[in-house]
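Novice:
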Amino acid sequence: DTAVSQTPKYLVTQMGNDKSIKCEQNLGHDTMYWYKQDSKKFLKIMFSYNNKELIINETVPNRFSPKSPDKAHLNLHINSLELGDSAVYFCASSQEWGGTEAFFGQGTRLTVV
Amino acid sequence: QKEVEQNSGPLSVPEGAIASLNCTYSDRGSQSFFWYRQYSGKSPELIMFIYSNGDKEDGRFTAQLNKASQYVSLLIRDSQPSDSATYLCAPEGGGGNKLTFGTGTQLKVEL
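Protein sequences, first through last, are from chains H and Y.
Just so we're aligned, residue 5 is where the first sequence starts under the numbering used here, counting upward by one.
Just so we're aligned, residue 2 is where the second sequence starts under the numbering used here, counting upward by one.
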């Protein structure tokens, strides 16, 4: 069984559209994250949730809205997509808050055309 | 100054050699340090972590940490072609709240 799974794996959409990426972890972890990896392979945290509570919101445009319905799920909704949003988005989870290993999903490659 | 600095490479080493990957970080409050490996088109996976100054060995991998110098390194002994990947240094930052990744060093192990 996949520990951290994201859907879809690939997403191609036009500018201005709204799209969502879903993430689920079956590890029983308390903390989940969204990371963005740009074309230069720089991996940067966007959001972090601990027990469904938003803990970290790095300077991300308001068009990005995470939602955690429960500890095992963290979804990312993006409004009014822009060309610059094209990247690979990784969901990750860790057992507890702070200083522990993060397990990554397989990534969602988003291409905005 | 970047929060986490790594030489982007590519670092090319012959098969069987020792590969040395270096990383410096700016957050003096970081206590935990992680090395992730990322193959092209794949997700990052943890290969080593270190909390204390000094060396930590795990198989062919050795992590070295010097908090005074804000420096962490990863040595890969007996490098194999399968080690060819990008290696990401990730100090825990923000008071223990997140991992801050470097841009990664691309390693190429040549036959």
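A virtual CB, placed ideally from N, CA and C, is assigned to each residue, including glycine.
Every value quoted in this text rests on a predicted model; they were computed, and no experiment measured them.
1) Short check: CB of D22/H to CB of N83/H, under 7 Å?
2) Closer than 7 Å, CB to CB, is G94/Y near chain H or not?
3) Alpha carbon to alpha carbon, how far is A106/H from A7/H? Give it in angstroms, no decimals.
4) Is the separation between the beta-carbon of K40/H and that of A91/H shorter than 7 Å?
5) Which one of Q10/H, S24/H, S9/H has the shortest CA to CA distance from S69/H?
6) When we look at the beta-carbon of E28/H and count the other beta-carbons within 10 Å, is it buried (16 or more) or exposed?
7) Checking 7 Å against the spacing of the C-beta atoms, do G94/Y and D28/Y come in under that value?
8) Would you say D84/Y touches the ligand GDP, meaning its beta carbon is less than 6 Å from a heavy atom?
9) Closest to P82/Y by C-alpha separation, out of P11/Y, I51/Y, L108/Y, would be which residue?
10) Grab me the residues of L31/H's own chain with a C-beta within less than 8 Å of its C-beta, minus the 5 sequence neighbours each way, in chain order.
11) By DSSP, does S83/Y sit in helix, in strand, or in coil?
Specialist: Reading it off the structure:
1) Contact check for D22/H against N83/H passes: the beta carbons are separated by less than 7 Å.
2) With 7 Å as the cut-off, G94/Y does not count as an interface residue toward chain H.
3) Between A7/H and A106/H, the C-alpha separation is close to 11 Å.
4) Yes; because the gap between Cβ atoms is below 7 Å, this pair is in contact.
5) For the residues Q10/H, S24/H, S9/H, the minimum Cα distance to S69/H belongs to S24/H.
6) When all chains shown are included, E28/H counts as buried.
7) Yes, Cβ-Cβ distance for G94/Y and D28/Y is below 7 Å.
8) By its list of ligands, the structure shown contains no ligand whatsoever, and the ligand GDP lies outside what it can speak to.
9) In this structure, L108/Y is the residue among P11/Y, I51/Y, L108/Y with its C-alpha nearest to the C-alpha of P82/Y.
10) Around L31/H: A7, V8, S97, Q99, F107.
11) In the structure shown, S83/Y sits in a helix (DSSP, three-state: H, G or I).
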